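Going line by line, the protein sequences match chains A and B.
Residue numbering for the first sequence is 1 to 297, as defined by our numbering.
Residue numbering for the second sequence is 1 to 702, as defined by our numbering.
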Amino acid sequence: MKLPTRLSTAILAYCAAACALVGAASAADEAGITVTGTGEALARPNRVELDLAVAGTAELTGDAIVKYNDLLRRTTDAFEALELDGLAVEQRSLEFTRGGAGGNAALQAAMAGVDAGAAVKPEVGISRSLRVVLSGIDKLPEDELMETIGRLLDTAQDAGANVSGSSTDSLMAQLNGISTAPASVATFVAEHAEVTREQAYQRAFDAAESRAKRLAALSGGTLGEVVSIEETPVEAGEEDDEGVQAQMMKAIYGIGGQADEDGRLTSNKWGDIPVRVSLRVRFALYDSGERSSGRGP
Amino acid sequence: MKHSYRSRIAALAGAAFSLASLAALPGVALAQVVAVSPAASTEVNDPNRPFVLPAQKTEVTENLADFHRYSDKGQWERAFKSLQLVLDAAPTGLVAGGEGGLLLPSQLLVRQALAGLPPEGKDAYRLFHDADARALLQTAQAEPPGSAAEIEQLNKIFSNYFITGVAAPAADRLGDAYFERGEVDAAIRCWQSVLDHHPESDIPRAQLLVKIATAAARAGLQEEFATARQEIESRHASDAVQVGGRTQSAGECLERLVAVAAARPVESVPRGSVVAADIHLPADDSRPKWQFRMFTDADAAAMASIGRNWGWGRMTISEFVPPTVVDDQRVYVNLLGHHFALDRTTGKLLWRSARFHDVAQKAQQNQYWFAEQFSLSVADGQLLSVYRDTNAVNQGVPNSPFRLARINAENGQEIWNSTNLPELANWNINGTPLVLGDRAIATALKADQGTEQYALAVRIADGKLLWSTHLGTHQTDMTQMYYQRSSQPALVADNGRVYVETHAGALLELNAQTGAIQWAFAYEAKVPTQNWWYGQQQDILTAGPPLIAGGMLFFKGMRSKRLHSIRLAEATVGWKRPVNESAMIVGTDEKHIYLGGDELTAIDLETQRLKWATKTPLATGMVRPLLTESRLYHFSSRGVFEIDKQTGDLVRMFRGADLSSLGGAILVTPDALITVSNLAVTAYPLSETETSPDVEQASVSE
Chain A
1 MKLPTRLSTA ILAYCAAACA LVGAASAADE AGITVTGTGE ALARPNRVEL
51 DLAVAGTAEL TGDAIVKYND LLRRTTDAFE ALELDGLAVE QRSLEFTRGG
101 AGGNAALQAA MAGVDAGAAV KPEVGISRSL RVVLSGIDKL PEDELMETIG
151 RLLDTAQDAG ANVSGSSTDS LMAQLNGIST APASVATFVA EHAEVTREQA
201 YQRAFDAAES RAKRLAALSG GTLGEVVSIE ETPVEAGEED DEGVQAQMMK
251 AIYGIGGQAD EDGRLTSNKW GDIPVRVSLR VRFALYDSGE RSSGRGP
Chain B
1 MKHSYRSRIA ALAGAAFSLA SLAALPGVAL AQVVAVSPAA STEVNDPNRP
51 FVLPAQKTEV TENLADFHRY SDKGQWERAF KSLQLVLDAA PTGLVAGGEG
101 GLLLPSQLLV RQALAGLPPE GKDAYRLFHD ADARALLQTA QAEPPGSAAE
151 IEQLNKIFSN YFITGVAAPA ADRLGDAYFE RGEVDAAIRC WQSVLDHHPE
201 SDIPRAQLLV KIATAAARAG LQEEFATARQ EIESRHASDA VQVGGRTQSA
251 GECLERLVAV AAARPVESVP RGSVVAADIH LPADDSRPKW QFRMFTDADA
301 AAMASIGRNW GWGRMTISEF VPPTVVDDQR VYVNLLGHHF ALDRTTGKLL
351 WRSARFHDVA QKAQQNQYWF AEQFSLSVAD GQLLSVYRDT NAVNQGVPNS
401 PFRLARINAE NGQEIWNSTN LPELANWNIN GTPLVLGDRA IATALKADQG
451 TEQYALAVRI ADGKLLWSTH LGTHQTDMTQ MYYQRSSQPA LVADNGRVYV
501 ETHAGALLEL NAQTGAIQWA FAYEAKVPTQ NWWYGQQQDI LTAGPPLIAG
551 GMLFFKGMRS KRLHSIRLAE ATVGWKRPVN ESAMIVGTDE KHIYLGGDEL
601 TAIDLETQRL KWATKTPLAT GMVRPLLTES RLYHFSSRGV FEIDKQTGDL
651 VRMFRGADLS SLGGAILVTP DALITVSNLA VTAYPLSETE TSPDVEQASV
701 SE
């Protein structure tokens, strides 16, 4: 059915107006100067954390409870006996499990499709994660810090607690097929890093503005106001000293250093923790004449 | 044809229901580890068991059941015919019949069955068999006294005609014959059977009791002596008895026997690792008295990588702690067949059987060493070593058998070697020999039959084989266990009996004199596998000897997750409880039994409740913790743990001078604490006031 002439004309006019608007918008988007600025500030860790696990596993629930309670008590008592200023042991999640207890050999046998031997009887497991926190490490000399962390690790292992390595390191090792790769056991934390972040943001903006001014000067124009600003994600808390493969793996699987909850910054290495911010800023750009004629800002 | 809307809906609903039903069926969770294996079984004849005891055929068990069934009905002729079939079967076979699952020799069960007959049954039995028994007795009496022929005839009466009218005098005479041959335990058993089952006998009770007391006192059988003594003192002290042709009172005889029993030295048999007094660990900054390093750091690293470098996973040789024993002068070590002795005071190397500077290199070239099979015992200045010809191993003979050798402890000279003795040449010795007076009890596999496990008695003086007893059959050939720890039997002796823990799913009691199996017990254990896969990880297994305390026998098999107990006097099964597979018995006191492994634990003997558990590092399965009056000591890769026996709390950690090792065994002398690891033998001063001289450090290179 053929449309009436008036309707066709109206439709065409509408389309033309829409295209014009889009074009105007595009043109407007392209106006001004868009620059990226990166700023970095350093945060000094003020506490170190060791993640431990205490567990009791046995076929009888009563045995598992005795083992768990004994290990928990001895571990906490052992750390208390150190009498270190700023040392605290936080009890975290409690987990109950029940399953086969064939151990390494049975597990591998099952995965290899080999008869693992006599029937595996399920065992009850009770485990709790602990976090040993030592505060005030920013005031300690490095050698004293090393010795103290060593004492903490020895205390944990002598008590029988399981010292957890970095989950990132462990996962990376598994992805690379390495079962016994060393893993970081201490996490250095910079608390209250808001000030550091503020500094990073300011530096990022200053860098962007400086770049924009330079470009404005080269173009013979005058830098105007900020039209838009966008933050580009940057990995925080880890130094970029890893290989390309590791970075790719982390990106693919979503692993890697992130700013922790509650404004904490964490790192597996002792040293200042960098906070990096990247901003993408668009400034308005005016001709020198436009500015002086008052048609500018 | 058009389908209606409703019919389409109905079809979809039906399909959905079917799918839902299928989804509800149990299935395999893909992410779940499933260990597929036969259920653990203690059935005697179950071929899926890791260790099969020498069982009677199923027909024997059925015949015994038929006997009891007919007896209950009073059908005596049928009952005795069934019993005769049992008597005609092999005398060494075992049948389930003991309380709680003990397996007993069928002959013993026959005697028990006859002794348990009601009076009318016994009368019927005598009616049927008295004539035959009398004829046998006449035959026996016609033989030279004490001859093998006489004993054979008397034994037939004792076994087959146990409740006939002539059984009492036959048993009495048989006991006399055994006593004259030195088979004291058998003699006592014969006389005791008259007391227990023939109260109507004309043989004076006091006479039999004095005979039992005499035999027990001379043989050092304290329990039997105490029992006989008590009855004599309370009831028969003034009764007249005939001893050595003289008539005297039983009380007078007993007085002399008390002196005999007191003068008899107590057999020093291993009963766990209990040392009476606590030891004072050295100060943290103290230096060892001496240290003898068996391997350099480079060799130690090479040993640690054995197996892993070829993708087989950890091999037992990489966690090997050499068997070490101590006497009042020296420390003796069996380093993979290289024997050496150190002066206990200075650590100086006194003698060695061969240079061993290249042991690590040899171990890497041929990794099938069966490190767990080497052992060492010491008694009266003699060493008994189990080892294999290292040259044969190096020449690529992986299954060269292990030998038993007697070595002069003073100079290391080999006195005899089973290789050169015709009676022992075909045995592959395993386990640690147990010294009992003039003989050693050992266990062995038949050469080229790595599944058949035996116990042997060997005269220490000349290596003469005194007896051998077939203990049973391993499901897995122990000589093919290249990649996992093989089962090495452990022995303990008490009161004339030897207990063999096969560490494969069975424990047996043997008569120390004759080797006859008295009873056996099959327990739950894993079947070891000969398989291996690339990069396999092994669980660390420990293996300790059984322990006798308070009339109870405690044992825990290497691949078992159960701690068992047996009441020895009654030969009945006691309690059992779950424990870690890596657990091993360390010792007991009045109230608790203590286990080692990856956890030190204390279990209440009365309630079997777990009192406390202390996690300890475990890097080698050849660890030997030590129990003292109030402490437990565990030598680990992180040092020596001193644990409070009451609470399980860590009292002290002594790092020591061997921190690069995996830990191992602890030995104590009056003036030194000696630790034996996979790398070194180290002696520390025990006295807190003693100042350590400059450390004497010797090593392989000397």
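Ideal Cβ placement from N, Cα and C applies to all residues, glycine included.
Since this is a predicted model, take the numbers as computed values, not measurements.
- For Gly74/B, the number of other beta carbons within 10 angstroms of its own is below 16, and it is reported as exposed.
- The residues Val54, in chain order, have a CB closer than 6 Å to that of Leu72/A in the same chain once the five nearest residues on each side in sequence are set aside.
- Uninterrupted beta strand (DSSP E) stretches at least 3 residues long and entirely within the segment 518-596 of chain B occur at 547-549, 552-555, 562-567, 572-578, 584-588 and 592-596, given in chain order.
- Minimum Cα-Cα distance from Pro45/A among the listed residues Arg98/A, Leu265/A, Ala207/A and Leu279/A corresponds to Leu265/A.
- Nearest in C-alpha terms to Leu94/B, of all of Gln84/B, Thr390/B, Val110/B and Glu372/B, is Val110/B.
- Its Cα nearest to that of Phe654/B, the residue Ala283/B stands out among Arg609/B, Ala283/B and Val676/B.
- In the displayed model, Met481/B falls within coil according to three-state DSSP, outside both helix and strand.
- Contacts between Gln157/A and chain B, judged by CB atoms closer than 8 Å, involve Pro617 and Arg638 in chain order.
- Annotation for Gly86/A: Leu134, Ser135 and Gly136 place their beta carbon closer than 7 Å to its own, counting only its chain and skipping 5 residues before and after.
- Arg205/B carries a helical assignment under DSSP once its states are collapsed to helix, strand and coil.
- Taking C-beta separations shorter than 7 Å and ignoring five residues to either side along the sequence, the partners of Gln153/B in its chain run Leu136, Thr139, Ala140 and Glu143, following chain order.
- Distance from the Cα of Ala78/A is smallest, within the candidate group Tyr201/A, Asp154/A, Gly37/A and Ala284/A, for Asp154/A.
- At least one CB atom of chain B sits nearer than 7 Å to the CB of Asp63/A.
- Among the CB atoms of chain B, none fall inside 7 Å of the CB of Asp51/A.
- Cβ neighbours of Asp438/B within its own chain (closer than 8 Å, five residues either side excluded): Arg459, Ile460 and Ala461.
- Taking CB atoms only, Leu610/B has a neighbour in chain A less than 7 Å away.
- DSSP places Ile157/B in the uninterrupted alpha helix (DSSP H) bounded by Ala148 to Asn160.
- In this structure, the alpha-carbon of Ala170/B lies about 18 Å from that of Gly182/B.
- The Cβ neighbour count for Ala131/B, taken over all protein chains shown within 10 Å, is under 16; the residue is labelled exposed.
- The beta carbon of Val89/A does not come within 7 Å of any beta carbon belonging to chain B, so the residue lies off that interface.
- The C-alpha of Ala186/B is placed about 22 Å away from the C-alpha of Asp202/B.
- Taking Leu215/A as reference, the option from Ala190/A, Ala284/A, Glu191/A and Ala159/A with the minimal CA-CA separation is Ala284/A.
- Residues of chain A with a Cβ closer than 8 Å to the Cβ of Asp46/B do not exist, since the nearest Cβ in that chain sits about 12 Å away.
- Here the C-alpha atom of Glu147/A lies approximately 22 Å from the C-alpha atom of Pro617/B.
- With fewer than 16 other beta carbons inside 10 angstroms of its own, Asp604/B counts as exposed.
- Rounded to the nearest angstrom, the Cβ distance from Val260/B to Ala250/B is 15 Å, too far for a contact under 8 Å.
- Per DSSP, the continuous alpha helix (DSSP H) segment holding Asp154/A begins and ends at Glu142 to Ala159.
- Residues of chain A with a Cβ closer than 7 Å to the Cβ of Asp649/B are, in chain order, Arg74.
- At a cut-off of 7 Å between beta-carbon atoms, Glu59/A makes contact with chain B.
- By the CB criterion at 7 Å, Leu342/B and Val331/B fall inside the cutoff.
- Residue-level contact check: Pro578/B touches chain A, since one or more beta carbons of chain A fall below 7 Å from its beta carbon.
- The alpha-carbon of Asp172/B is positioned some 6 Å away from that of Trp191/B.
- In this structure, DSSP gives Asp51/A an extended state, which the three-state scheme calls strand.
- Boundaries of the alpha helix (DSSP H) around Tyr70/B: Thr58 to Lys73.
- Between Pro489/B and Thr502/B, the CB-CB gap stays under 7 Å.
- Secondary structure note for Met653/B: its beta strand (DSSP E) is the uninterrupted segment Leu650 to Phe654.
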